Every structure is written in structure tokens, then in C-alpha cells.
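Residue numbers (my numbering): 1 to 408. Report on the structure given below.
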Ligand code: MLT
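Right, here's the structure in full:
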């Protein structure tokens with residue numbers, strides 16, 4: 001008899017963004033004349049930048065001639081891309097990361113979901129609440145949690161991110177082994193300072209713990225005092241893995257490319273107490289289960305690091321940040337407390353006691369605007385909603401005009 005992985009039964013029926021998509025689809029069916037504006041899932045709307053598209057085309061042309069054709073590539077990514085990433089995203093910022101510590105992948109969602117496979121089932125895992133659901137759901141699937149009781153899984157150490165702590169996770173009172181952090185944060189849009197990250201690195205070193213640091217929104221940081229990578233913090237090479245994505249930086253949500261940094265200094269421990277290299281484990285996992293990102297896509301990603309590519313992606317990000325500014329100001333004018341939106345594409349809006357799904361329904365039904373209900377990110381996500389700045393300027397302006405009308 002083929003038996004199911006019963007851990008899946010502990011999960012909520014559907015993934016948050018699938019659930020929202022279904023509700024929006026139903027609304028659209030019932031209201032065919034409403035032009036829905038989507039500020040829900042963080043999906044980019046601007047085309048890939050010209051430098052990226054030119055390199056993408058060139059990559060496809062290379063595949064059309066025997067002399068330049070590529071078959072299987074290295075599972076870790078082509079050196080031409082890994083070297084650019086290491087030099088530009090890390091060494092240029094004083095972070096000591098080498099090209100062979102970069103693993104190119106098809107995006108941060110897969111890597112943040114898959115990475116937990118490397119750890120024992122009975123480790124203690126700490127998660128922020130609210131949290132990007134992928135971190136939590138993949139640990140549920142792996143059997144690291146108990147049942148879902150009163151809005152939370154048993155055996156997870158939740159770090160409440162609430163107004164009183166500026167929506168920043170605090171060091172856990174009980175020792176934990178694996179810590180998920182995300183800055184700029186999804187969903188709250190808040191950022192950690194260098195001192196905040198230094199505290200986490202010190203905690204991880206002291207407790208022989210590991211930090212999984214999701215920096216998918218790093219390119220939205222405009223404040224020079226804020227860290228752009230955890231490897232700006234001394235000691236982080238020993239205790240932190242960092243995930244990056246080209247999705248929001250350069251419009252790759254549909255094209256799929258990102259990378260994970262696994263420093264050679266990171267160690268994990270066997271029950272005997274002996275240390276093993278985390279880099280070796282991830283390399284073993286990737287070379288068994290992954291065949292690399294396609295050559296044209298890696299060529300396209302490499303073009304992000306050219307002078308033109310840098311100028312073009314900086315213009316893209318600035319456009320979305322301009323939207324974020326409009327959204328935040330509008331919600332503040334309507335007397336809603338907000339965080340995020342300055343170094344982040346997400347604005348976290350306090351719904352003033354409303355249940356977040358009710359607030360979501362109100363905006364959808366009265367304004368035809370889609371947001372993401374905070375409750376979908378965890379118990380502390382109530383009564384908030386997340387508004388995403390990923391849309392055209394015209395749509396954001398129109399959405400804000402509709403919200404003003406619906407919420408006045
Ligand atoms: C989000 O809206 O939280 C993100 O788009 C999800 C993702 O990047 O997978």
C-alpha cells in the first residue's frame with residue numbers, strides 16, 4: 001500500500017497566494033465589469049531590462065549553433081555568473097565571499113524551502129511571526145512540527161514581530177538550532193540594523209545554531225547605514241546562509257534565477273558532535289537533485305552586472321519604491337499606521353482592529369484592489385494587511401484613489 005506523507009495533513013488546505021488568487025478569480029467572475037488592481041502577491045509588472053533581454057537573446061542564439069551550444073551545465077551555476085555575483089554583491093561591500101560559495105538556482109522560494117532538508121528532524125526551529133509561509137510549510141512537510149493549534153504549529157519557536165518590538169524578531173529565550181530571518185522583511189517591510197544582525201550572529205555562534213537569512217529584497221535598501229548582506233557582520237561566515245533572488249531586483253519572477261551563499265566556514269554537527277561542512281552537504285544535495293539553471297537565463301542574469309544592467313535595474317527598483325512611497329503616504333493620510341515601504345516594496349498597514357481577511361474582502365469588494373491579509377502570514381499578522389508596490393505607477397495611483405473613496 002502506497003502511504004502518504006501524513007505531515008501534509010497538518011498544512012492549511014492551500015498555499016496563501018493560491019487561496020488569494022482563487023478568491024480574486026471568484027470576485028472577478030461575479031463582477032466582470034470591475035478592473036481589479038493587484039497589489040497582493042509581490043509579482044513584478046515591468047519588462048526585463050534591455051541589457052538583460054539582449055543577453056538572453058544572445059544566450060538563445062548560442063544554443064542554436066553546435067560550436068556554442070551548451071548541454072548540462074554545472075549544478076552550482078556557470079563560473080561567469082558566480083564570479084560576477086561574488087565580486088559585485090559581496091566583495092565590493094567588504095564581505096568575504098568567494099565565487100565557489102555561490103550556488104545559482106531557480107529562485108529563493110525553492111532554496112529557502114529546500115534548505116531545511118539538510119538538518120535533523122528534531123532540531124528546534126525559530127521563525128518570525130508573521131512569516132513568509134514557505135519557511136514554515138516546508139518544515140511542516142518535513143515532520144518538524146506538531147499539529148496546528150490555535151493558529152500555530154506545535155514545536156516551532158515563534159518570534160512575535162509586533163508594534164512593541166518594531167516588528168523585529170527578538171532573540172529566543174529558549175535555545176534554538178535553526179533561525180529564519182528575512183530583511184528587508186516579507187511581509188512587514190522592516191529592516192534590521194547592523195547591530196541587530198550582529199546580535200543574531202553572536203547568538204548563533206554561542207548556541208552552535210545556523211541562520212537562514214533571506215535577502216531577496218536587498219536591492220530595495222536605500223539607507224546606507226543598513227546592511228545589504230549578513231556577511232557585512234563579523235563572524236557571519238561561520239553561522240549564516242544567505243538567499244538572494246533576481247526576481248524583484250531585475251524582473252525575474254517568471255524567468256527564475258537566484259542564488260544561495262553557503263560559506264565554507266559553516267558547519268553542522270552529527271549526533272557524535274563531529275562537525276561536517278554545510279557547503280559540502282548543499283553541494284551534494286544540489287548535484288543530486290538539481291541540474292542547474294538554463295544557460296540563456298544565466299547569461300541574462302550576468303547582464304545585470306554590466307554598467308547598463310546596473311543602471312536599468314536601479315531604475316526599475318526606484319520605480320517600485322516610488323509606488324511604495326505613494327501607498328504609504330495615502331494610507332497614512334487615511335490615518336492608518338504603516339511600516340515598511342521606505343527600504344522595501346511592502347507596506348504593512350495596521351487595520352485598526354479589523355480581522356485581516358475582512359479587511360482584504362473590504363478592499364476587494366469596495367475598491368477592486370487586492371492586498372494580502374496579514375493573518376495569512378501568521379497569528380501576529382492580524383489585524384494587518386500587506387500592500388505590495390509591484391504594479392505600474394498608473395495602477396498604483398488609481399488603486400490609492402479607490403482606497404481613499406472606499407475608506408473615507
Ligand atoms: C510574496 O508576495 O510574498 C512573494 O511574491 C512570494 C514569493 O516571492 O514567492
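Cβ coordinates follow ideal geometry from the N, Cα and C atoms, glycine included. The structure displayed is predicted, hence computed values, not measured ones.
Just to confirm, does residue i get its C-beta within under 6 Å of one of the non-hydrogen atoms of ligand 1?
i: residue 12; result: no
i: residue 251; result: no
i: residue 186; result: yes
i: residue 41; result: yes
i: residue 299; result: no
i: residue 109; result: yes
Does the beta-carbon distance from residue i to residue j come in below 7 Å?
i: residue 104; j: residue 293; result: yes
i: residue 317; j: residue 247; result: no
i: residue 140; j: residue 113; result: no
i: residue 146; j: residue 121; result: no
i: residue 129; j: residue 160; result: yes
i: residue 406; j: residue 366; result: yes
i: residue 55; j: residue 300; result: yes
i: residue 373; j: residue 353; result: no
i: residue 236; j: residue 201; result: yes
i: residue 409; j: residue 369; result: Shown here, the chain extends from 1 to 408; a query on residue 409 therefore has no answer.
i: residue 167; j: residue 190; result: yes
i: residue 45; j: residue 392; result: yes
i: residue 177; j: residue 233; result: no
i: residue 239; j: residue 215; result: no
i: residue 355; j: residue 336; result: no
i: residue 111; j: residue 17; result: no
i: residue 396; j: residue 323; result: yes
So is the beta-carbon of residue i under 6 Å away from any non-hydrogen atom of ligand 2?
i: residue 158; result: Ligands in the displayed structure: ligand 1; ligand 2 is not one of them.
Bridge partners for residue i per DSSP, in chain order?
i: residue 331; result: Residue 331 pairs with nothing; no bridge assigned.
i: residue 179; result: 126 and 211
i: residue 170; result: Answer is none; residue 170 lacks a bridge partner.
i: residue 348; result: 339 and 386
i: residue 242; result: 213 and 261
i: residue 372; result: 386
i: residue 203; result: None; residue 203 has no bridge partner.
i: residue 275; result: 269
i: residue 156; result: 125
i: residue 149; result: 152
i: residue 294; result: For residue 294, which the question treats as bridged, DSSP gives no partner whatsoever.
Under the assumption that residue i contacts residue j (Cβ atoms under 8 Å), give the Cβ distance between them as a whole number of angstroms.
i: residue 326; j: residue 39; result: So it is not a contact: roughly 11 Å between Cβ atoms.
i: residue 403; j: residue 363; result: 7 Å
i: residue 42; j: residue 390; result: 5 Å
i: residue 175; j: residue 346; result: With a Cβ gap of about 31 Å, residue 175 and residue 346 do not count as contacting.
i: residue 400; j: residue 330; result: 4 Å
i: residue 184; j: residue 217; result: 4 Å
i: residue 126; j: residue 179; result: 5 Å
i: residue 283; j: residue 72; result: That pair is no contact at about 16 Å.
For the segment 26-36 and the segment 376-386, state whether three or more C-beta atom pairs, one from each stretch, are separated by less than 8 Å. no
Does the segment 75-84 come within contact of the segment 205-213, defined as at least 3 CB pairs closer than 8 Å? no
Given 8 Å, three or more beta-carbon pairs between the segment 90-108 and the segment 254-269: yes
Take every Cβ of the segment 269-285, pair it with every Cβ of the segment 46-60, and state whether three or more of those distances are shorter than 8 Å. no
Cβ pair count under 8 Å reaching 3, the segment 119-139 against the segment 312-329: no
With three or more beta-carbon pairs closer than 8 Å as the criterion, would you say the segment 82-98 touches the segment 215-234? yes
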